[in-house]
Structure formats: structure tokens, C-alpha cells
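Using our numbering, you'd call the opening residue of the sequence shown number 566 and step up by one each time.
One structure is given here, and the rest of the page talks about it.
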Amino acid sequence: MTKAKIVTDGEGRFYGVQVLCPGCLWPDGRPSAHLLQTDWVAPGMERSTHARPDLWTFNGDLDRPTFAPSLLCKSHRWDGEKQVPYVCHTFIREGRIQFLDDCTHALAGQTVDLPEIAE
Ligand SMILES: [Zn+2]
Numbered sequence: 566m567t568k569a570k571i572v573t574d575g576e577g578r579f580y581g582v583q584v585l586c587p588g589c590l591w592p593d594g595r596p597s598a599h600l601l602q603t604d605w606v607a608p609g610m611e612r613s614t615h616a617r618p619d620l621w622t623f624n625g626d627l628d629r630p631t632f633a634p635s636l637l638c639k640s641h642r643w644d645g646e647k648q649v650p651y652v653c654h655t656f657i658r659e660g661r662i663q664f665l666d667d668c669t670h671a672l673a674g675q676t677v678d679l680p681e682i683a684e
């Protein structure tokens, strides 16, 4: 079990690195995934032609991942009849995820361990 997982494209080429976000939950309470496209490429793999190499740096450690810069996800969620802004803004360092104060979910301002990802 690791805290980050390599994502490949349909042809088995490196696309990015996925982590589970304990702040962004599915309606059933499971953490949803965030995907980061990194300058790092998994050893022995070719980068997907669809992947951008210039978005995040990654320390290459799937057990204690560190990415830079921060990850900002902005979208909207339905709250009853109306759409409300949704923000998840984090730093991921050494296997921990720090939620900044502008997050709109329950973990704003907290730092927690990244969930383990099943194979
Ligand atoms: Zn999130």
C-alpha cells in the first residue's frame, strides 16, 4: 500500500500521479482522487503525449509523496437547488496533506495523513 499511484494512459505510458483526498469525499464518504501531472516520469516508462510535464514537481516517493507547488481545485457543488463554489487547496508534503484556509470542505486549515491507495 502506498499513498500515491502512477496513472497511465490507454497505451501504458506514464500520465501522472494520483493521490486520494480526504477532504473531497464522494457522497458515500470515500475520498476522491486528485491527479497531478509531474515533471517526474516513472522509471522505465515513457511519458504520455497527452501529459503535461510542467505542472508539478514530485519527489518520486510513492510512500511519502511531496509535490510542488500547491494543488488548487475549483468547481461547483449542488447545495439543494443552487450551485455553490467548491474549493480544495492543498500542499502535499512527505505523505501528509495540508488543507489551506480557503478550502470549502470540512478539513480546511487541517493537516492529515494521505490515505493509502489500494493497488
Ligand atoms: Zn481535495
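We treat Cβ as the ideally placed atom computed from N, Cα and C, and that holds for glycine.
query, result
"heavy atom of ligand 1 below 6 Å from Gly-588 C-beta", "yes"
"Span of the beta strand (DSSP E), counted from its first residue to its last, around Ser-597", "596 to 601"
"Cβ-based burial, Trp-643 [other Cβ within 10 Å; buried from 16]", "exposed"
"Status (buried if at least 16 other CB within 10 Å, exposed otherwise) for Arg-595", "exposed"
"Spatial distance of Lys-570 from Ile-682 (CA atoms)", "7 Å"
"Which residues DSSP lists as bridging Tyr-651, in chain order", "Ser-640"
"Thr-658 in three-state terms, based on DSSP", "Residue identity check: residue 658 is Arg in the sequence provided, not Thr. Residue state, collapsed to three classes: strand."
"Proximity of Phe-579 and Met-610 at Cβ, strictly below 7 Å", "yes"
"Leu-664 versus Pro-680 - alpha carbon distance", "Checking the sequence shown, residue 664 turns out to be Phe, not Leu. Roughly 14 Å between the two C-alpha positions."
"Extent of the continuous beta strand (DSSP E) to which Asp-678 belongs", "676 to 678"
"Endpoints, beta strand (DSSP E) assigned at Cys-589", "579 to 590"
"CA-to-CA distance, Leu-672 to Arg-612, given in whole angstroms", "33 Å"
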